[in-house]
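The block underneath contains the structure these notes are about, expressed in structure tokens.
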Amino acid sequence: MGKDTNSAHAYSALCWENRKKPEGHVDTVIEKLTPKQIADNCLRLSVSITIVRWLTFQKCAFRGHDESATSLNQGNFLEMLKLIASYNKDVQKVVLGNDPQNAQYIAPDIQKQILQIFAQKVQNEIRKEIGDSNFCIIVDESRDVSKREQMAIVIRFVDGYGILRERFLELVHFKDTTSKTLKEEITTVLSNHELSIQNLRGQGYDGASNMRGEWNGLQAFFIKDCPYAYYVHCLAHQLQLALVAAAREVFEVHEFFKDLIFIVNVVSSSSKRHDELQDRQVIELEHLVEIEEVETGKGLNQIGNLKRPGDTRWSSHFKSICSVVKMFNATRSVLEKIAIDHQATCSQRGDATYALKKLLAFDFLFILHVMQELMGYTDALCRAFQHKSIDLLNAMDLVASTKSLIQKLRDDGWENLLQKELNSRFSEQTTELLILSRTLNPIDGYKHLNVEKICRLAEKYYPGDFSDHEKFHLKYQLELFYCDASKHPEMKNLCTIADLCRSLAETGKSDVYHLVDRLIRLILTLPVSTATTERAFSAMKIVKTNLRNKMEDDFLSNYLVVYIEKRNC
Numbered sequence: 001m002g003k004d005t006n007s008a009h010a011y012s013a014l015c016w017e018n019r020k021k022p023e024g025h026v027d028t029v030i031e032k033l034t035p036k037q038i039a040d041n042c043l044r045l046s047v048s049i050t051i052v053r054w055l056t057f058q059k060c061a062f063r064g065h066d067e068s069a070t071s072l073n074q075g076n077f078l079e080m081l082k083l084i085a086s087y088n089k090d091v092q093k094v095v096l097g098n099d100p101q102n103a104q105y106i107a108p109d110i111q112k113q114i115l116q117i118f119a120q121k122v123q124n125e126i127r128k129e130i131g132d133s134n135f136c137i138i139v140d141e142s143r144d145v146s147k148r149e150q151m152a153i154v155i156r157f158v159d160g161y162g163i164l165r166e167r168f169l170e171l172v173h174f175k176d177t178t179s180k181t182l183k184e185e186i187t188t189v190l191s192n193h194e195l196s197i198q199n200l201r202g203q204g205y206d207g208a209s210n211m212r213g214e215w216n217g218l219q220a221f222f223i224k225d226c227p228y229a230y231y232v233h234c235l236a237h238q239l240q241l242a243l244v245a246a247a248r249e250v251f252e253v254h255e256f257f258k259d260l261i262f263i264v265n266v267v268s269s270s271s272k273r274h275d276e277l278q279d280r281q282v283i284e285l286e287h288l289v290e291i292e293e294v295e296t297g298k299g300l301n302q303i304g305n306l307k308r309p310g311d312t313r314w315s316s317h318f319k320s321i322c323s324v325v326k327m328f329n330a331t332r333s334v335l336e337k338i339a340i341d342h343q344a345t346c347s348q349r350g351d352a353t354y355a356l357k358k359l360l361a362f363d364f365l366f367i368l369h370v371m372q373e374l375m376g377y378t379d380a381l382c383r384a385f386q387h388k389s390i391d392l393l394n395a396m397d398l399v400a401s402t403k404s405l406i407q408k409l410r411d412d413g414w415e416n417l418l419q420k421e422l423n424s425r426f427s428e429q430t431t432e433l434l435i436l437s438r439t440l441n442p443i444d445g446y447k448h449l450n451v452e453k454i455c456r457l458a459e460k461y462y463p464g465d466f467s468d469h470e471k472f473h474l475k476y477q478l479e480l481f482y483c484d485a486s487k488h489p490e491m492k493n494l495c496t497i498a499d500l501c502r503s504l505a506e507t508g509k510s511d512v513y514h515l516v517d518r519l520i521r522l523i524l525t526l527p528v529s530t531a532t533t534e535r536a537f538s539a540m541k542i543v544k545t546n547l548r549n550k551m552e553d554d555f556l557s558n559y560l561v562v563y564i565e566k567r568n569c
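The sequence shown begins at 1 in the UniProt record's numbering and counts up by one.
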């Protein structure tokens, strides 16, 4: 019978024979490496690390379509390696064929490992920043180019220096969008980073039912674990949704946007018409410059395109209206030309004639200018809501400004609809939080400071963060704080609660008024915008493109963490 080389006995015998040959042991082989070999390996690895870091910061792809030796373009990583080697003789001596085949440090797996180490380093730095502070989570969902649902997780907190921070923590892929599954995924992420749910003091999601549901929504599941993790729907999204919903109920406005979309589609339906539109703009601008009707200078009088309004982004409606107002004469000229163009089909001439008729109609022009004025205010409010440094005190003023906008239109039907939408979307709990927090506003010498309301805020919304003894002394500490801060040279001219928190830390007053400082930090953890998640998804669209639609989930997440939080890398 032949010897079975695959048996356990044969394998054990082979291991014993190898054990008796010390010259082949790993530690012996490593010890045989000369200092020069070690230095060469370090240089090769450092070059690969530098290239991975640079490509990530610039949102560039690592690999190429064809990385073979005969390829004219081997991809960004290898081409960058060639470039560095061409300018550095030391690097040239240890790469590109001058390196050992088992220690090149250029394989795709090595590139991903380097990127993963960078991402872990960034996440560790973020975790150090958070420390034992309370925090809130801001979560948003979006589909990438490969139609995979991705969930961006952002942490909002106040660091040890009293500075409000928003940090992108991770991107998570999930197959199931039920609130229970989302809760498990987020809990796992927080646990992996050693963040306790008991320190959670705020939740920021979109307005979908699986997120905001009062009984079975994601926010409800977290509140069961931590009753002080208050949910706040992104204020910018609330404003946009309220405006879109109200506009759909007004026939004239609804018809106006239908006509606007039709006009934009007719003018922008082909490259030829697009070129004609730009040519008309050039002719008009040259005439206006000649008669000195417009200013000239760098960045002024740019040639633009007509923009289509989106369904869920009210700011896109504003941009669309502004583009039509700016290019009104050019748009009219293009439509007139199409309407009499014998080379065009009857359908094309008919569409152009109808679009021109709508464009020149009095009702269309009247609503065009009315909506431009109204949405100029709402666009500014949305941008303010989306600013990452916004706090609840600013938000309260913005909400008041938003509600006052309904006076801009005299139509009672529109006014009532908008008022109804705003009241239904800004919940009583959020509104009360805004009102009570407003009393800590340091603007105008702390004229809004109200000790009774601040104490009510602590007692009603954060009873677990203050003992009975601390609640009793909070009132007296607030009185002393007002007398001190309103006269302190570095604290009397502040504008936001975020500025106040930072000033308390910088002046050392956070130790003196520790109860006030604690309450301010709790208020600041409430989410009022999704600016960082919006930035994450904008970056995702640039990183994961049609040419890179097979990026692995971990690779994409690590890439975005390093790119977005590059300051910590």
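By construction, the Cβ of each residue, glycine as well, lies at the ideal position given by its N, Cα and C atoms.
Comparing alpha carbon positions, the residue from F62, V516, A85 and H9 closest to F555 is F62. E490 and D517 have their C-alpha atoms some 16 Å from each other.
P442 counts as buried, since no fewer than 16 other beta carbons sit within 10 angstroms of its beta carbon. Within the same chain, L43, V47, I84 and A85 come within 7 Å of V91 by CB-CB distance, once the 5 residues on both sides are set aside. Going by DSSP, S142 is part of no alpha helix (DSSP H) but of the beta strand (DSSP E) stretching over F135 to R143.
Linking L218 to S179 through their CA atoms gives a straight-line distance of about 5 Å. Per DSSP, E149 is one residue of the beta strand (DSSP E) stretching across E149 to V158. Counting C-beta atoms within 10 angstroms of its own C-beta, I340 has fewer than 16 neighbours from the protein chains shown and is therefore classed as exposed. As the crow flies, the alpha-carbon of L500 is around 6 Å from that of L494. Membership of E79 in the alpha helix (DSSP H) is indicated by the continuous run N76 to Y87. DSSP places V264 in the helix class (H, G or I) of the three-state scheme.
Y230 is bridged by DSSP to G202. When secondary structure is reduced to three states using DSSP, H173 falls in the strand class. The Cβ atoms of I49 and L78 lie no closer than 8 Å to each other.
Here I130 is buried. Its C-beta has 16 or more other C-beta atoms within 10 Å.
Annotated three-state conformation of F62 is coil, per DSSP.
Counting other Cβ atoms within 10 Å of its Cβ, V282 stays below 16 and is therefore classed as exposed. Across the set L474, F168 and S133, the C-alpha of F168 shows the shortest separation from the C-alpha of A536. Setting aside the 5 residues that flank it on each side, A152 is surrounded in the same chain by D140, L171, T533 and A536, each with a C-beta closer than 6 Å to its C-beta; the list follows chain order. Taking every protein chain shown into account, the CB of Q123 has 16 or more other CB atoms within 10 angstroms, so this residue is buried. D444 counts as exposed, since fewer than 16 other C-beta atoms from the protein chains shown sit within 10 angstroms of its C-beta. V451 sits close to E479, with the two beta carbons spaced by under 8 Å. E565 sits in coil when the DSSP states are folded into three classes, being neither helix nor strand. Looking at G508, N192 and E432, the one whose alpha-carbon comes closest to that of A485 is G508.
For G445, the enclosing alpha helix (DSSP H) has its first and last residue at I443 to Y446. In this structure, DSSP gives R165 an extended state, which the three-state scheme calls strand.
In the structure shown, D511 adopts helical secondary structure according to DSSP, grouped into three states.
In the assembly as shown, S467 is an exposed residue. Its beta-carbon has fewer than 16 other beta-carbons within 10 Å. In the structure shown, A8 adopts helical secondary structure according to DSSP, grouped into three states.
For C495, the secondary structure class from DSSP, reduced to helix, strand or coil, is coil.
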